[in-house]
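Encoded as structure tokens, the structure appears first; notes follow it.
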Amino acid sequence: MLPIREIWKESKTDRKASVEWWDSMAADFSKHQLPTAENSMTMRIIDREDMLSDKCEILDVGCGSGRYSVALAKRGARVSGVDISPKMIGFAKAAAEGLADVSFSVDDWHTLDLDEKGWNKKFDLVLANMTPAVKGVESFLKLSQASRNWCLLVKPSRRTNSVLDKLNEMTEGPRDTKALDETVAYAFDLLWQEGYCPKVEYNPEVWQTKKPLDEAIHMYTKRIESGRELNYSQRKAIREYLEKIAEDGFVEEITKTTIVAMYWQV
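At position 86 of the sequence shown the residue is numbered 867 (this note's numbering), and the sequence of numbers has no breaks.
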């Protein structure tokens, strides 16, 4: 069997399409409530494992609209959040207004230089919660490189999407869950080979989303294009399918997934 470092490669990504996709999701993400131990497996793990100490330094990779950064900063941590989406960072800064110990920057985790940032072994906790920023050996190992204590990776896996799966099938692409499932398996194997003893927890979830038709067409097209190129016929097929399944001008999707939390100390 080939070593994990040889088979777990960063998948090709269209950065422009990725940014447009996440920008289109920013307003909805900003409406989500702040995470607590009662509504978030991530926060329960942070509390139970004593990952959060007074004035500890936290890096929130793929921070999105800043929910976890803000929640952790309100509990006394110094938090740095990074995300590829300018609109996500805009909402994050607005949510953190008045908090002194939280900062945000528009950065691509795949190309971010830890040395230039001064982030090698800087953080007591490096959090990568539900972000596609970690999807290969290099982006995964950077979590440990930035940490001086804890790392916590949270990923959806074994995912079925009532709409996206059909669109990927129509456009001859892999199911959305393939890369997610590989990340979980490869991350554990790599940590084990490196001498770590990662802990893993699971939580099944069902999500329901509803988008106006025009927004859905834009979102699904950009989401697929972020990972592979679409031709005119494929983009047309996406539009026509969404128009077909829309009800009262809205496209609804049901997603079933298993959330996997993996955490370790460096």
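All C-beta atoms, glycine included, are put in the ideal place defined by N, C-alpha and C. Quick caveat, the model's predicted, so the values are computed rather than measured.
Query	Result
Could you give the residue range of the beta strand (DSSP E) that holds residue 1037?	1031-1046
If we count the other Cβ atoms within 10 Å of its Cβ and call it buried at 16 or more, is residue 802 buried or exposed?	buried
For residue 884 and residue 891, what's the separation of their Cα atoms in angstroms?	20 Å
Distance check for residue 1004 and residue 795, CA to CA, integer angstroms please.	10 Å
Helix, strand or coil for residue 942, going by three-state DSSP, please let me know.	strand
Assuming contact is defined by CB atoms lying nearer than 8 Å, are residue 940 and residue 958 in contact in what I supplied?	yes
Tell me the DSSP bridge mates of residue 928?	904
Assuming residue 867 and residue 887 make a contact with CB atoms under 8 Å, what is their CB distance in whole Å?	5 Å
Between which two residues does the alpha helix (DSSP H) harbouring residue 1022 extend?	1013-1026
Using CA coordinates, which residue listed in 811, 917, 967, 923 is at the minimum distance from residue 908?	923
Answer yes if the stretch 935-949 comes into contact with the stretch 809-819, meaning at least three C-beta pairs across the two stretches below 8 Å, and no otherwise.	no
Does the Cβ-Cβ distance between residue 1040 and residue 937 come in under 8 Å?	yes
For the beta strand (DSSP E) that contains residue 988, what are its first and last residues?	980-993
Kindly provide the ranges of any alpha helix (DSSP H) runs that are 4 or more residues long and lie completely inside the stretch 819-844, ordered along the chain.	822-829
Would the stretch 965-984 count as touching the stretch 1025-1035 if we require 3 or more Cβ pairs under 8 Å?	no
How would you write the range of the alpha helix (DSSP H) that residue 850 sits in, first residue to last?	848-854
Helix, strand or coil: which one does DSSP assign to residue 962?	helix
Return the CA-CA distance between residue 864 and residue 1018, expressed in angstroms with no decimal places.	31 Å
Go through its chain and collect everything with a Cβ distance to residue 838's Cβ below 7 Å, but skip five positions before and after it.	859, 903, 904, 905
Residue 855 to residue 879, Cα distance in whole Å?	10 Å
May I have the straight-line CA-CA distance separating residue 1049 from residue 810, to the nearest angstrom?	Outside the displayed span of the chain (782 to 1047) sits residue 1049, for which this structure offers no information.
List the DSSP bridge partners of residue 937.	1040
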